[in-house]
Structure formats: C-alpha cells, structure tokens
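For reference, the structure discussed in these notes is given below.
Number of protein chains: 2
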Amino acid sequence: MKIVVIGGVAAGMSAASKAKRNNSKNEVEVYTQEEYISYAACGIPYFVEDLIKDSGHLVARTIEQFAKQGIKIFTGHTVTQIIPEEKKIKVLDREQNKIWVDYDKLIIATGASAVVPPLEGLNLKNIFTVKSITDAEKIKKKLQEENFKKAVIVGAGYIGLEMVEALSSWELDVTLVELAPQIIGNIDADMAQLVENYLISNGIKVRKEEKVLGFKGIETVQFVKTDKGEIETDLVILAIGVKPNSELAKEAGIQLGVKNAIKVNNRMETNITDIYAAGDCATAYHLVYKDEAYIPLGTTANKQGRVAGDNASGGNSEFPGIVGTAIMKVMEMEIGRTGLSEREAKMLNKEVQEFKIEAPAKAHFYPGARNATVKILVDNKSHVIVGAQIVGGAQAAKRIDVLATAVQTGMTVNDVAKLDLSYAPPFSPVWDPVLVAANVAAGKLNNN
Amino acid sequence: MKIVVIGGVAAGMSAASKAKRNNSKNEVEVYTQEEYISYAACGIPYFVEDLIKDSGHLVARTIEQFAKQGIKIFTGHTVTQIIPEEKKIKVLDREQNKIWVDYDKLIIATGASAVVPPLEGLNLKNIFTVKSITDAEKIKKKLQEENFKKAVIVGAGYIGLEMVEALSSWELDVTLVELAPQIIGNIDADMAQLVENYLISNGIKVRKEEKVLGFKGIETVQFVKTDKGEIETDLVILAIGVKPNSELAKEAGIQLGVKNAIKVNNRMETNITDIYAAGDCATAYHLVYKDEAYIPLGTTANKQGRVAGDNASGGNSEFPGIVGTAIMKVMEMEIGRTGLSEREAKMLNKEVQEFKIEAPAKAHFYPGARNATVKILVDNKSHVIVGAQIVGGAQAAKRIDVLATAVQTGMTVNDVAKLDLSYAPPFSPVWDPVLVAANVAAGKLNNN
Chain A
1 MKIVVIGGVA
11 AGMSAASKAK
21 RNNSKNEVEV
31 YTQEEYISYA
41 ACGIPYFVED
51 LIKDSGHLVA
61 RTIEQFAKQG
71 IKIFTGHTVT
81 QIIPEEKKIK
91 VLDREQNKIW
101 VDYDKLIIAT
111 GASAVVPPLE
121 GLNLKNIFTV
131 KSITDAEKIK
141 KKLQEENFKK
151 AVIVGAGYIG
161 LEMVEALSSW
171 ELDVTLVELA
181 PQIIGNIDAD
191 MAQLVENYLI
201 SNGIKVRKEE
211 KVLGFKGIET
221 VQFVKTDKGE
231 IETDLVILAI
241 GVKPNSELAK
251 EAGIQLGVKN
261 AIKVNNRMET
271 NITDIYAAGD
281 CATAYHLVYK
291 DEAYIPLGTT
301 ANKQGRVAGD
311 NASGGNSEFP
321 GIVGTAIMKV
331 MEMEIGRTGL
341 SEREAKMLNK
351 EVQEFKIEAP
361 AKAHFYPGAR
371 NATVKILVDN
381 KSHVIVGAQI
391 VGGAQAAKRI
401 DVLATAVQTG
411 MTVNDVAKLD
421 LSYAPPFSPV
431 WDPVLVAANV
441 AAGKLNNN
Chain B
1 MKIVVIGGVA
11 AGMSAASKAK
21 RNNSKNEVEV
31 YTQEEYISYA
41 ACGIPYFVED
51 LIKDSGHLVA
61 RTIEQFAKQG
71 IKIFTGHTVT
81 QIIPEEKKIK
91 VLDREQNKIW
101 VDYDKLIIAT
111 GASAVVPPLE
121 GLNLKNIFTV
131 KSITDAEKIK
141 KKLQEENFKK
151 AVIVGAGYIG
161 LEMVEALSSW
171 ELDVTLVELA
181 PQIIGNIDAD
191 MAQLVENYLI
201 SNGIKVRKEE
211 KVLGFKGIET
221 VQFVKTDKGE
231 IETDLVILAI
241 GVKPNSELAK
251 EAGIQLGVKN
261 AIKVNNRMET
271 NITDIYAAGD
281 CATAYHLVYK
291 DEAYIPLGTT
301 ANKQGRVAGD
311 NASGGNSEFP
321 GIVGTAIMKV
331 MEMEIGRTGL
341 SEREAKMLNK
351 EVQEFKIEAP
361 AKAHFYPGAR
371 NATVKILVDN
381 KSHVIVGAQI
391 VGGAQAAKRI
401 DVLATAVQTG
411 MTVNDVAKLD
421 LSYAPPFSPV
431 WDPVLVAANV
441 AAGKLNNN
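Printed below as a string of structure tokens:
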C-alpha cells in the first residue's frame with residue numbers, strides 16, 4: 001500500500017510516521033514545498049527572540065531520521081493538483097518538472113497560511129509574516145544586522161503577543177495594533193484587559209480599534225498608515241491570523257467546512273474515499289460546540305495527523321475532539337483558556353454565569369508569588385463548567401488543564417470544588433486558585 | 001451559641017472563621033498552647049532556608065485581624081481535659097491557672113507532633129524537630145550564629161527532603177539517614193530512586209536501611225550513632241514522621257481511628273455529640289481506599305476545618321474526601337503523587353498494571369527544558385487510573401492535578417488519553433507528558 005502525504009510539518013509527519021509504524025511494508029511518501037520538515041512552528045517566536053539560537057533545534061526529526069524509518073521525503077516539491085478519480089497527484093519538483101505520483105491513500109496536511117490583506121505598500125522591505133522557519137530566519141537576520149529601533153505588530157492574537165515578547169527582547173520600541181476593541185480575541189474582554197494593562201506597564205504601546213490601511217516608505221517600510229494616523233517603524237510583523245491551505249483540496253472536489261477548512265469526520269476522512277486531511281488545513285470536532293470548528297493548534301495537528309496516518313494504513317482511530325484549550329506567555333504574563341468564552345457562549349445561545357477570582361499562584365509568602373485571575377463560565381441550569389480562562393504570573397496558566405479536563409468531562413462547579421489538588425508553597429496556595437474559583441461559584445450557585 | 005476551638009493553625013482557624021462567618025452572633029473562642037496562630041506550617045522549611053526572612057510572613061491572618069472579626073484567641077493556653085458530659089474543657093492559662101470553659105460545640109484541631117523516639121542523647125543541644133515556627137526560629141538562629149559545617153537529617157519523607165534543600169542552601173554538608181530501603185515512602189521505589197540519584201549528584205549523602213540508635217557529644221551533638229556506625233555532625237533534624245495529637249480526645253472517650261487519629265465522619269463529627277475534629281489530628285475519608293486514612297496535609301486541614309466550623313455553627317457541609325494528592329520540591333527536583341502507590345495497591349489487593357514514561361516538561365527546544373517521569377497505575381480490569389506519580393524538573397509536578405482529577409473521578413487511561421490539554425513551548429511539549437503516559441498505557445492495554 002502506498003500512502004502519500006502532502007505537507008511535512010506537524011500533522012503530515014505524524015501521519016507519515018504512524019502509517020509506517022503500522023506496517024513497515026507500507027510505502028510512505030511526503031511531498032512538501034518547504035525546505036524544513038517536522039519542525040515546531042509554535043517555537044518560531046522563541047527562535048526570533050533568540051532564546052533558541054539555531055532554527056535546527058526546532059526540528060523534532062530530520063529527513064535522514066525519517067529516511068532510516070523508510071519514509072521518503074520530497075522537500076521543495078509543490079503539489080499542484082489532486083485527481084481523485086485516478087488516485088494520483090501532480091507535483092512540480094525543484095526544477096519545475098511536472099511529475100505524477102500515484103497513491104492508494106492520500107493525506108492532506110497542507111497547514112495554514114498567514115492572512116495578508118491586499119494592503120498598499122506591502123512590497124516594501126521589512127514587512128514579515130511569521131508562519132515558517134524561513135520567515136523567522138529572515139526576521140532574525142534583520143534584527144542582528146540592522147539597528148532597528150521600532151517595530152509595529154499588526155494583530156494582537158497569540159502570535160502577535162509572542163512576537164511582542166520576541167521583539168521587546170531585542171529592545172525594540174514595540175507598538176501593537178489591533179482592529180478589534182480588545183486584544184486576544186479568544187478570551188473575554190475583562191481578562192484581555194489584564195494582559196493589556198501588563199503590556200502597557202511594560203512599555204508596549206497598545207492601539208485598539210485601529211485599522212491598518214497600508215505602509216509607506218522608500219524601499220523599506222517607514223510608516224504604518226492606519227485610520228487613525230501614521231506610526232513610524234523600522235519593522236512590521238503581520239500577525240492578523242491564519243487561513244487553511246485548502247484550495248488544492250477544493251479544486252479536487254473535496255468539501256470544505258467552517259472557515260474554508262477541509263471538512264473531516266473523526267476518522268479524518270474527507271468526503272472523498274481514500275483522501276484524509278489533518279492539522280491546520282482541516283476542521284476539528286468541538287466537544288462543547290457539538291459541531292465542527294476551525295481552531296488550528298499544534299496539539300490538534302499532531303493528534304489528527306496520527307489518527308489520519310493510522311486509518312490510512314489500515315488502523316482504526318478516532319480523533320477525540322477538542323474543547324478549545326490553549327495557553328501562551330508574553331514576557332512574564334501567562335494566559336490559558338479552555339471551552340467557551342463569553343462570545344462563544346452567546347453564539348451557541350448558552351445561558352451562563354461568570355465567576356472570577358484572584359488568588360496567588362504560589363503560597364503568598366513564597367518568593368516570586370504573583371496572582372492568578374481565574375474566570376469560569378458555568379451553565380445556568382446544570383452548573384457544568386463550560387469554559388475557563390486564567391491570566392497571571394509564573395505557574396498560573398498551566399492550571400487550565402484541570403479546567404480543560406472538567407469542561408471535557410462535564411464536571412459541575414461542585415465536582416471541581418471537591419477535587420483533591422496538590423499543595424506545597426512553591427507551587428500553590430493551600431487553596432489552589434482553581435479550587436477557589438469553583439468554591440466561590442458553588443457557594444453562590446448553591447445558595448440560589 | 002458558643003463554639004470553642006482547640007488549636008489555632010490551619011484546621012482550627014479555618015473552623016473558627018467559618019463558624020463566625022456563618023453567624024456573627026456566634027461566640028467563637030480559640031485555645032492554643034502555641035504563640036503563633038494561623039500560620040502556614042508547610043512554609044517552615046522555606047523560612048529555615050531563608051527564602052522567607054521573617055517568620056511573620058508565614059502568618060495568614062493575625063490575632064488582631066481575627067479579633068476584629070469577633071473571634072477571641074487565647075494563645076499560650078493549654079487545654080488539659082474535655083468533659084463531654086458537662087460540655088466544658090479545662091484550660092491552663094499562661095500562669096498555670098486552671099480555668100473552665102463551657103461550649104455548645106467543640107472543635108478539636110490539635111494537629112500533629114513530630115515523632116521523637118526515646119533515643120539516647122536526645123537531650124544534647126542542636127537536635128531539632130521542625131513542626132512549629134518556634135522550632136524553625138531556633139534552627140535558623142543557630143544557622144546564623146554558629147559556623148555549622150555538617151548536618152544529619154533523620155527521615156527522608158517530605159519534611160526531611162525539604163530540610164535537605166533548606167540546609168544545603170546554608171552550604172552545610174548534608175547527610176540524609178533513612179531506616180527504610182527507599183527515600184520518600186509514599187512514592188514507589190523506582191520513582192524515589194530518581195530523586196535519590198538527583199540528591200547524590202548534588203552532593204547529598206544518602207544512607208538507607210540505617211537505623212539511628214542515639215546521639216553522642218559533650219553538651220552539643222557531635223555524632224549520630226547508627227546500626228552501621230557513627231556520623232559526625234553539628235546539627236540533627238528529626239523528620240521521622242508525625243503522629244496525631246489525639247490523647248486529649250482519647251481521654252475524653254472520643255473514638256480514635258487509623259494510626260490513632262481522631263475518627264470522624266464526612267461531617268467532621270466524632271462519636272460524641274457536639275464534638276468535631278479536623279486537620280492533622282483527625283482521619284480523612286480516602287476515596288480510593290473507600291475507607292478512612294491518616295494523611296496529614298495542609299490542604300486537608302483547611303478543608304476539614306471549614307467543614308467542621310460550618311457544621312458546628314448550624315451549616316451543612318461534607319468533606320469530600322481525599323485521593324492522597326501531594327507535591328513537593330527539593331532543590332530543582334519536583335515530586336507529585338496522587339491515588340495509590342504500588343504498596344497501597346497491594347495493601348488493598350488491587351491488581352494494577354504500571355506504565356512509566358519520560359518526556360520533557362517543556363518543549364525540548366525551550367531553554368530550561370528538563371524531563372518529567374510520569375508513572376501511572378491502572379486497574380487491570382476497568383483500566384481506571386488508580387494512582388500516579390511524577391518526578392522531574394521545573395514545571396513537572398503540578399501536572400499531577402490532572403491525574404488527581406482523573407483518579408478522583410474514575411477516568412480510564414482512554415479518557416485521559418483523549419484530553420485536550422494545553423500546549424505552548426514554555427509550558428509543555430506538544431504531547432503533554434500526562435498524555436504520553438495515558439497514550440502509552442492505552443496503546444498497550446487496548447492491544448491485549
């Protein structure tokens with residue numbers, strides 16, 4: 001059996017590995033237009049920050065390691081067409097020669113691309129996206145070679161904030177420009193405000209409800225033009241968002257779903273037999289939405305890739321679904337979220353009550369103790385926790401995992417309030433902030 | 001209604017506070033033989049280490065703050081007798097005057113004491129236990145004033161290991177002596193060995209299966225005598241274990257349970273009407289044992305105290321029980337555990353399978369990433385996770401909370417393998433070590 005994978009990052013390489021492990025007689029080929037494979041895209045901001053010196057460290061396994069396993073990888077190869085009826089794909093090799101590749105099973109793991117609106121002045125130098133290692137290498141080279149003073153980051157999502165940390169570490173004067181009335185769109189405005197306050201207190205300029213119209217400069221970018229004025233800059237990072245690379249699939253008659261991501265079931269099957277999709281190009285079943293969602297993240301890509309690789313090679317796996325758990329750090333501020341935000345609850349017509357508490361993330365007397373704000377959203381009738389967010393200092397955010405477990409398994413505030421969570425002064429106050437939040441919610445709900 | 005509390009630390013002050021909050025008309029009096037109240041006993045090793053300069057910082061709330069709330073606290077008062085038939089207690093005040101105090105409801109929160117076997121030479125100077133702030137102040141004063149070079153810690157449980165960190169930070173040559181064949185008795189031998197290796201690599205001398213027979217010296221301790229020889233030392237810390245302070249209760253006819261702790265139900269009621277017990281002097285219901293246990297910890301004390309205070313003042317609470325979750329740190333090594341250890345599984349005649357994995361606690365490329373070893377014990381038939389242990393570097397151990405949640409709610413390895421846990425390079429590899437452990441277990445169990 002010949003299994004062909006399009007894309008060589010998280011989902012693609014997870015799929016290829018699993019397919020080969022299932023049966024070493026399987027022919028497994030991977031086609032990717034990139035030069036790097038099997039790299040941790042989420043590590044890119046830390047490479048720009050220079051916490052990671054060598055981009056090679058982001059690579060989990062090399063082409064040679066995969067080759068030893070018997071997986072053939074074709075980098076610099078662009079797949080231009082899928083012909084499901086003939087079970088083959090058209091590929092352009094490095095020399096732009098057309099080649100045809102047959103498959104028994106095809107796995108599409110083409111990932112996502114940075115959204116780049118057609119803005120005036122986009123062709124000026126020193127305007128970058130941060131989707132690939134190649135992007136990151138260009139940015140870092142500039143930071144090392146040029147004497148940049150100012151940077152503008154367009155978009156205040158996770159990547160935008162991670163780039164705030166990265167560029168601040170190079171001692172640039174950083175301005176964050178966001179179209180929406182709040183930063184970090186997937187947490188609630190009150191929680192995002194805590195992060196914004198922190199950024200401002202650390203010298204970051206935050207400009208919200210401001211629309212970028214274009215860029216000005218001679219050869220290199222010098223000004224970002226917005227609907228509110230001009231911002232002088234030496235460097236622009238576009239971190240507006242990502243979109244699934246699903247055109248190839250669409251042209252082959254593969255059905256797309258939410259946000260134009262490739263529609264898959266829990267076995268990662270598309271609507272066309274023997275064609276699977278996984279990772280940032282595909283939808284994922286959301287266990288709280290009880291519907292498909294498009295939330296591209298590294299964890300999901302790895303898990304979906306493994307499921308696709310298993311099923312394509314005769315195994316039988318199901319992707320268990322997501323609850324929208326995510327975590328990030330910007331400088332010394334941590335942010336975790338899971339389940340529904342207020343906005344998502346409203347979208348689903350769920351009636352929820354909110355409870356928010358502040359408590360130290362370590363014992364109050366332990367050095368470096370800083371507060372964590374924990375917010376939980378509770379279903380009005382069942383008292384099940386349907387969403388949670390944590391914002392705070394060191395060791396605050398990974399606590400979201402207990403709440404993610406609660407959301408995924410349908411635990412009520414009473415259930416969580418009863419948990420025997422760990423305590424020692426370097427790790428937690430005697431009442432863990434998660435327990436405080438659940439206890440406050442339980443106290444109020446039980447008295448009503 | 002008059003509620004009298006014996007003991008002024010975690011359980012006692014939680015009980016007193018809750019009783020007063022329930023109804024401000026309640027008379028609430030606290031009698032304690034100590035001078036300090038409402039302090040974090042778990043913080044004591046960090047005070048000795050001098051991470052916390054002032055013992056006052058360990059105090060959560062002062063006598064004056066409680067007084068404002070209307071709670072009367074009598075420090076330096078020793079309760080010598082409980083007479084349930086007359087609903088009164090006999091107290092010796094500071095001047096050793098006998099006074100009688102009536103109660104409507106009595107809450108016993110007398111805590112635990114360090115176990116001190118009747119060893120030869122115990123009266124020598126510089127031999128200490130570390131149970132109270134007063135103990136800790138004496139030790140720290142000595143460390144500041146004397147030029148100690150060597151210390152012996154007897155007992156390699158949590159307190160013993162925390163004192164290893166504390167005394168190492170004073171640059172003492174530390175020897176840890178343990179009677180048992182392994183350190184940290186409440187985790188499995190293979191996991192304890194990882195910690196032992198770490199200690200040894202950090203210059204700590206670890207002597208196992210060695211019985212301390214007594215102490216030698218002129219005025220001050222100079223040698224620890226064991227069944228294997230003599231160890232030269234300037235300072236001895238006895239951290240052999242603790243025993244519940246339950247004599248007062250026993251003499252009053254109150255029933256004791258496991259390990260002579262005061263037997264309580266989930267409402268914290270003893271066998272005598274209107275007498276409650278909570279915290280380190282009392283038993284706790286263990287949700288995996290499905291039986292009472294004696295595992296004195298700060299979290300349990302706070303929770304039980306609140307329940308006792310609530311029920312004593314007309315409320316209606318139940319202590320939800322424990323699963324034996326605990327966490328600690330020694331230098332840069334973290335240890336977490338929950339549910340059953342191998343030994344406990346054997347004791348309960350539970351047939352379990354063990355799965356152990358090693359994975360980085362942060363992304364492998366992120367600075368400071370160190371490995372976490374995760375071990376889970378899985379019920380042979382149901383595949384429910386009945387116990388888990390984590391040993392590793394920074395950010396490893398607090399992950400035990402997800403596994404504690406799993407143990408407490410009866411999740412199988414498949415359930416845990418499906419969790420949507422958080423990922424970002426500063427916090428986790430893309431497959432969280434908890435997921436790796438569950439996936440490995442699920443893979444092996446599902447194929448059988």
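Line by line, the protein sequences give chains A and B.
Take the first sequence: its position 35, counting from 1, is numbered 35 in the working numbering, and each next residue is one higher.
Take the second sequence: its position 316, counting from 1, is numbered 316 in the working numbering, and each next residue is one higher.
We treat Cβ as the ideally placed atom computed from N, Cα and C, and that holds for glycine.
Secondary structure at A:Ile200: helix, using DSSP grouped into helix, strand and coil. Annotation for B:Pro367: no alpha helix (DSSP H) segment contains it, and DSSP assigns it neither H nor E. For A:Ile327, the residues of chain B that pass the 8 angstroms Cβ criterion are Ser422, Tyr423, Ala424, Phe427 and Ser428, in the order they occur in the chain. Comparing C-alpha distances from A:Thr299 to each of A:Ile390, A:Ala293 and A:Asp280 shows the shortest one belongs to A:Asp280. Ranked by Cα distance from A:Glu178, the options A:Leu172, A:Leu213, A:Ser169 and A:Asp190 are led by A:Leu213. For the stretch 75-100 of chain B, the set of residues with a beta-carbon nearer than 7 angstroms to any beta-carbon of chain A is empty. From the listed residues A:Leu248, A:Met333, A:Leu238 and A:Val430, the smallest Cα separation to B:Gln304 is found for A:Val430.
The count of Cβ pairs closer than 8 angstroms, one atom from the stretch 54-74 of chain A and one from the stretch 20-38 of chain A, reaches three, so the stretches are in contact. Sequence-distant partners of B:Pro45 (beyond 5 residues in either direction) whose C-beta falls short of 6 angstroms from its own C-beta, in its chain, are Glu162, Met163 and Ala166. With a 10 Å radius around the Cβ and a threshold of 16 neighbouring Cβ atoms, A:Lys53 comes out exposed. The distance from the Cβ of A:Ala369 to that of A:Ala361 is about 7 angstroms, consistent with a contact at the 8 angstroms cut-off.
Annotation for B:Phe223: the continuous beta strand (DSSP E) segment containing it runs Phe223 to Thr226. Legend: CB atoms of the stretch 393-410 of chain A lying less than 9 angstroms from CB atoms of chain B belong to residues Gln395, Ala397, Lys398, Arg399, Ile400, Asp401, Val402, Ala404, Thr405, Ala406, Val407, Gln408 and Thr409.
For B:Ala293, the nearest beta carbon of chain A is not closer than 8 angstroms to its own beta carbon. With contact defined as three or more Cβ pairs closer than 8 angstroms, the stretch 319-328 of chain A and the stretch 416-429 of chain B are in contact.
Under DSSP, no beta-bridge partner is assigned to B:Glu49. Secondary structure at B:Ile133: helix, using DSSP grouped into helix, strand and coil.
B:Ala249 is the residue among B:Arg399, B:Ala404 and B:Ala249 whose C-alpha sits nearest the C-alpha of B:Ala112. Annotation for B:Arg61: no alpha helix (DSSP H) segment contains it, and DSSP assigns it neither H nor E. For B:Thr300, the secondary structure class from DSSP, reduced to helix, strand or coil, is helix. Taking A:Asn380 as the centre and dropping the five residues before and after it, the same chain places the C-beta of Glu351, Val352 and Gln353 closer than 7 angstroms to its C-beta, in chain order. By the neighbour-count criterion, in which 16 or more other beta carbons inside 10 Å mark a residue as buried, B:Gln65 falls on the exposed side. Within the stretch 61-95 of chain B, the runs of beta strand (DSSP E) at least 3 residues long that lie entirely inside it are, in chain order, 71-74, 78-83 and 88-92. Think of a sphere of 7 angstroms around the beta carbon of B:Cys281: no beta carbon from chain A falls inside it, the nearest being about 17 angstroms out. For A:Thr299, the nearest beta carbon of chain B is closer than 8 angstroms to its own beta carbon. Three or more Cβ pairs closer than 8 angstroms define a contact, and the stretch 252-265 of chain A meets that threshold against the stretch 282-297 of chain A.
Within chain A, the C-beta atoms nearer than 9 angstroms to that of B:His57 come from His364 and Phe365, in chain order.
Nearest to A:Ile153 by alpha-carbon distance, out of A:Leu172, A:Glu145, A:Lys87 and A:Gln193, is A:Leu172.
Taken atom to atom, the span from the alpha-carbon of A:Val374 to that of A:Met347 is near 22 angstroms. Of all residues in the stretch 28-48 of chain B, only Ala40, Cys42, Gly43 and Tyr46 place a beta-carbon less than 7 angstroms from a beta-carbon of chain A. Secondary structure within the stretch 100-152 of chain B: the alpha helix (DSSP H) runs of 4 or more consecutive residues, fully enclosed, are 133-145 (chain order). Distances from the alpha-carbon of A:Met13 to those of A:Glu49, A:Leu445, A:Ile71 and A:Leu51 put A:Ile71 closest. At a Cβ-Cβ threshold of 8 angstroms, B:Gly160 and B:Leu143 do not count as neighbours. Counting along the chain, A:Thr273 sits inside no alpha helix (DSSP H), nor does DSSP assign it H or E at all. Within chain B, Val430 and Trp431 have C-beta atoms less than 8 angstroms from the C-beta of A:Asn302, given in sequence order. As DSSP reads the structure, B:Glu27 sits in a beta bridge with B:Lys2.
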